[in-house]
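In my numbering, the protein residues as written are 1254 to 1648.
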């Protein structure tokens, strides 16, 4: 009877002692890791909630990084346009050209060549600054491309955007109903890779291939300026339509098309809308003036053209300033969105900590209590074991 009783006591004691030891180890792990649980089985409900919160937290963190990146890109673009506007105001504001733009006076003969050189340098400076606007390895004003330099000069000193002449336009030609009227023989002959010619309004002939290329260039510029997008997820509820295309209102278009700031195409007078092209044309007129007398090369025709171009240059400058204000608005939106995402991130992180993390003071208190219970169990064991063994020996 005594042996059976002793075995039962020992068995129960070992079971309870191991249980106390496990609790003490668990409490110690909580102190070391700061986590309330380390496996799903320990607390399925809390683990499921924590998983959902962590998934939301990671998504918000990703959106926050994208928003910060796009915001920095817009800051670079804003500063670049600001510098360009400053260059225009500094180089033009104190010059005789300002009077011409405002219709107050004409350029003086002696200063026309120098002003032409100033305008030429201004054109180069604008292009250089637009191309040097980079965030990391990405060109800020290259639209959805970002890898290739946005603005280049062609062999005729014409400005191109992503390889397309910015002054591209579809020439007005004689029409046969809804299609251009084709001439098989040009007069005078025009060299062309393909057959067929169209007659323009001024009576000159244009090769069909050249006309088609101009049309393609215009379509490409329109696409880049209005339709090419680079949507990013910054927490606006990114969604796609039934065709798998991103819904524009649910994402942010991060692309910045350089031609939307400098202009593209021609106006009703056939003059370029691009501010750099306007500067180049004015520069050419001024640099072609007689260096001694300052007389225009083509007399009053050049004077009238310079006046017209100067007025349009003023309009283009005002348009650039308006675009600069728009950048301010979009940059402000990105900053507000970043602040909102930061708040959401902090809130989610607090909820995760509340579910997964144990307060240090609580963890230490629980560990101390578990250790106390374990030590007490050892003392009780020593008492029980010694008495039971002596009883067994005495029998």
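Beta carbons are placed, not taken as given, at the ideal position from N, Cα and C, and that holds for glycine. Computed from a predicted model, the values in this text were never measured in an experiment.
Short of 7 Å from the beta carbon of residue 1527, and not among the five residues preceding or following it, lie these beta carbons of its own chain, in chain order: 1412, 1419, 1420, 1515, 1516 and 1517. With respect to the 7 Å criterion, residue 1601 and residue 1310 are classified as neighbours on the basis of their beta carbons. It is roughly 17 Å from the alpha-carbon of residue 1545 to the alpha-carbon of residue 1555. DSSP places residue 1297 within a helical segment (H, G or I) once states are collapsed to three. Rounded to the nearest whole angstrom, the C-alpha separation of residue 1324 and residue 1494 is 27 Å.
With contacts defined as CB atoms closer than 7 Å, residue 1478 and residue 1512 qualify as a contacting pair.
When the five nearest sequence neighbours on each side are left out, the beta carbons in the same chain lying within less than 7 Å of the beta carbon of residue 1319 are those of 1485, 1486 and 1487, in order along the chain. Within the same chain, 1419, 1420, 1516, 1518, 1519, 1531 and 1534 come within 8 Å of residue 1525 by CB-CB distance, once the 5 residues on both sides are set aside.
Per the Cβ contact rule, the stretch 1401-1412 is not in contact with the stretch 1567-1584 (fewer than 3 Cβ pairs under 8 Å). With distances taken between CA atoms, residue 1365 lies nearest to 1548 out of 1374, 1618, 1548 and 1522. Annotated three-state conformation of residue 1395 is strand, per DSSP. Burial is judged here by how many other beta carbons sit within 10 angstroms of a residue's own beta carbon; residue 1433 has at least 16 and is buried.
Taking a cut-off of 8 Å for Cβ pairs, the stretch 1332-1342 and the stretch 1497-1513 do not touch, as fewer than three such pairs fall below it. In the three-state reduction of the DSSP assignment, residue 1471 falls in the helix class. If you check the CB distance, residue 1627 and residue 1273 come in under 7 Å.
Looking at the DSSP output, residue 1505 sits in a beta bridge with 1485.
When beta bridges are read from the DSSP output, residue 1428 appears opposite 1433.
Scanning its chain for C-beta atoms nearer than 8 Å, with the 5 sequence neighbours on each side dropped, one finds around residue 1392 the residues 1384, 1386, 1398, 1399, 1400, 1401, 1402 and 1403, in chain order. For residue 1305, the closest of 1619, 1618, 1504 and 1604 by C-alpha to C-alpha distance is 1604. DSSP, reduced to helix, strand and coil, places residue 1491 outside both helices and strands of the structure shown, so it counts as coil.
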